[in-house]
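Working notes, beginning with the structure itself.
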Amino acid sequence: MQISRFLVISGLVCAILLMGVVGSATADTVGAGSFKKDKGMEISFGVPVDKNWAENLSNFLVYEKPDPDIRIPIHSVVLDTRRVAATLTFKDSLNTSAEYVVEAKDVTSDGKILGSHQFLVKKGQAQVLFAILLGAMLINNFVFTKYLGLCIFFGVSQKKETAIGMGITFTIVIVLSATMCWALYSYVLQALHLDFLKIIVFIGTVAIFVQAVDTILRKVNPYLFKKLGVYLVLIVTNCIILAVPLINADSGHGPFSSLTLGLGAGIGFALALFLMSCVREKLEVCRVPPTFHGLPIAFIVTGLFALAFLGFSGLSIF
Amino acid sequence: MGIIFFAVFGILCGLVLAYAAKKFAVKVDPKIEAVRACLPGAN
Chain A
393 MQISRFLVIS
403 GLVCAILLMG
413 VVGSATADTV
423 GAGSFKKDKG
433 MEISFGVPVD
443 KNWAENLSNF
453 LVYEKPDPDI
463 RIPIHSVVLD
473 TRRVAATLTF
483 KDSLNTSAEY
493 VVEAKDVTSD
503 GKILGSHQFL
513 VKKGQAQVLF
523 AILLGAMLIN
533 NFVFTKYLGL
543 CIFFGVSQKK
553 ETAIGMGITF
563 TIVIVLSATM
573 CWALYSYVLQ
583 ALHLDFLKII
593 VFIGTVAIFV
603 QAVDTILRKV
613 NPYLFKKLGV
623 YLVLIVTNCI
633 ILAVPLINAD
643 SGHGPFSSLT
653 LGLGAGIGFA
663 LALFLMSCVR
673 EKLEVCRVPP
683 TFHGLPIAFI
693 VTGLFALAFL
703 GFSGLSIF
Chain B
732 MGIIFFAVFG
742 ILCGLVLAYA
752 AKKFAVKVDP
762 KIEAVRACLP
772 GAN
């Protein structure tokens, strides 16, 4: 009951932040296209175009967005039966994580020249976001492949209930702070050329949210608050929570990508905590050699988990 | 400009946190602290 109220409050804050972010997103002014298999892309014109024009390969220029000088050789162009969409096939496989620009010169419809058109071909936003989420959660799990945030990881993974509580709290804090840090970085730090201050600003932002969570949790769920103890405040100095905004800043992520990376990192951390706590509860009743009792065996188990998580590398759905 | 922004931002966040601390204040019995102060505190 009380935890649910806590979750509702945090959800509301997330939603308000998100709304602000949606308002600031801008739309592309050029037409859009999509990838088809690994060697093709599809573009659609608003009107039926002439077959002769479309099948003349010299009417199309295709290049990757950052390198307009490197043209990509086209193999064939096929118009669909309604003459509105064209499928371009290429000699070599395309890099589906890059952005391509297709320039169509002098689009001709029923003998009339309508002028040139530009199409931006890239993966859908949802696919990119899902890839980021999955990457942060499983493939590049911050705990098991980057060995970040181990202090809290070993501190609260002794019992399942503290692990779950910490996982939820951590996810809320990291999502809020990743979004907030993105806003501060792109609208304040970059605008004022104060990039070198990013570490201080990010830590301060995280500290604000941790202080807020600390205040609220103390009232709402004193039991969990007591169980988490010093580790709740130690979220401020957690490496993951600082790594996420820094990665966002370095790779120029947008608002949704930043939020998704934070969410993925948070869920991945919660998952790692939960898995580890399950094993450590069982370890309590096992006969562990005295040398390995306690933390050493926990490190060994973490190593085994890391090996198991290597199985996710190379996972790709799209 | 940056100094002004971060000063204002910090003060605002501080005020919000102070308000939250007041709103979510947990009543601690002053007797607990008083009794603890009388004890030697060896453990």
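Just so you know, the protein sequences line up as chains A and B, in that order. Residue 710 is where the first sequence ends in our numbering, and the numbering goes up by one at each step. Residue 774 is where the second sequence ends in our numbering, and the numbering goes up by one at each step. Ideal Cβ placement from N, Cα and C applies to all residues, glycine included. Keep in mind that this is a model prediction, so the values were computed, not measured.
Checklist entry - In three-state terms, what does DSSP make of A/V441? => result In the structure shown, A/V441 falls within a coil segment according to DSSP collapsed to helix, strand and coil.
Item to check | Cβ-based burial, B/V739 [other Cβ within 10 Å; buried from 16] | outcome: It is exposed - the Cβ of B/V739 has fewer than 16 other Cβ atoms within 10 Å.
Item to check | Pairwise C-alpha distance: A/F648 and B/I763 | outcome: Roughly 48 angstroms separates the two Cα atoms.
Checklist entry - Excluding the five sequence neighbours on either side, which residues of its own chain have a C-beta within less than 8 angstroms of the C-beta of A/T488, listed in chain order? => result F427, D430, K515 and F710
Item to check | Under 8 angstroms between C-beta atoms of A/G527 and A/F482 | outcome: In terms of Cβ geometry, A/G527 and A/F482 do not form a close pair [threshold 8 angstroms].
Checklist entry - In terms of alpha-carbon separation, which member of A/S468, A/L525, A/Y455 and A/V469 lies closest to A/E390? => result Since the first residue shown for chain A is 393 and the last is 710, residue 390 of chain A is missing from the structure and cannot be characterised.
Checklist entry - Is A/F534 helix, strand or coil when you go by DSSP? => result Three-state result, A/F534: coil.
Item to check | CA-to-CA distance, A/F704 to A/C670, given in whole angstroms | outcome: 21 angstroms
Checklist entry - Relative to chain D, which residues along the segment 594-606 of chain A have a C-beta separation below 8 angstroms, given in chain order? => result Going by chain labels, chain D is absent from the structure shown, which instead holds the protein chains A and B.
Checklist entry - What do you get for A/G412, buried or exposed, if any count of 16 or more other CB atoms within 10 angstroms of its CB means buried? => result Legend: pLDDT at A/G412 = 48, less than 50; position of this residue unreliable, value from coordinates given subsequently. Result: exposed.
Next on the checklist: What does the alpha-carbon distance come out to for the pair A/Y383 and A/F545?
Outcome noted: Given a span of 393 to 710 for chain A in the structure shown, any question on residue 383 of chain A remains unanswerable.
Next on the checklist: Beta carbons nearer than 7 angstroms to chain A: which residues of the segment 741-771 of chain B have them?
Outcome noted: C744, L748, A751, A752, F755 and V757
Item to check | Contact under 8 angstroms by Cβ, A/Q510 with A/G438 | outcome: no
Checklist entry - Quick one: what does DSSP say A/E456 is sitting in, helix, strand or coil? => result strand
Checklist entry - Between the beta-carbon of A/L620 and the beta-carbon of A/V548, is there less than 8 angstroms? => result yes
Checklist entry - So, is A/L530 buried or exposed, given that buried needs 16 or more other C-beta atoms within 10 angstroms? => result buried
Next on the checklist: Any beta carbon of chain B sitting closer than 8 angstroms to that of A/L584?
Outcome noted: With respect to chain B, the C-beta atom of A/L584 has a partner C-beta closer than 8 angstroms.
Item to check | Own chain, CB closer than 7 angstroms to A/L653, minus 5 neighbours either side, in chain order | outcome: I524, A528, A570, V636, I639, N640 and H645
Next on the checklist: If you reduce the DSSP assignment to three classes, tell me which class A/V513 lands in.
Outcome noted: Correct three-state label for A/V513: strand.
Next on the checklist: I need the straight-line Cα distance from A/E673 to A/Q550, nearest angstrom please.
Outcome noted: 6 angstroms
Next on the checklist: By the 8 angstroms beta-carbon criterion, what residues does the segment 486-500 of chain A contribute toward chain B?
Outcome noted: none
Item to check | 8 angstroms Cβ cutoff met for A/A604 and B/A756 | outcome: no
Checklist entry - With C-beta atoms as the reference, is A/F684 less than 8 angstroms away from A/F536? => result no
Next on the checklist: Mapping the DSSP letters down to three states, classify A/M572 as helix, strand or coil.
Outcome noted: helix
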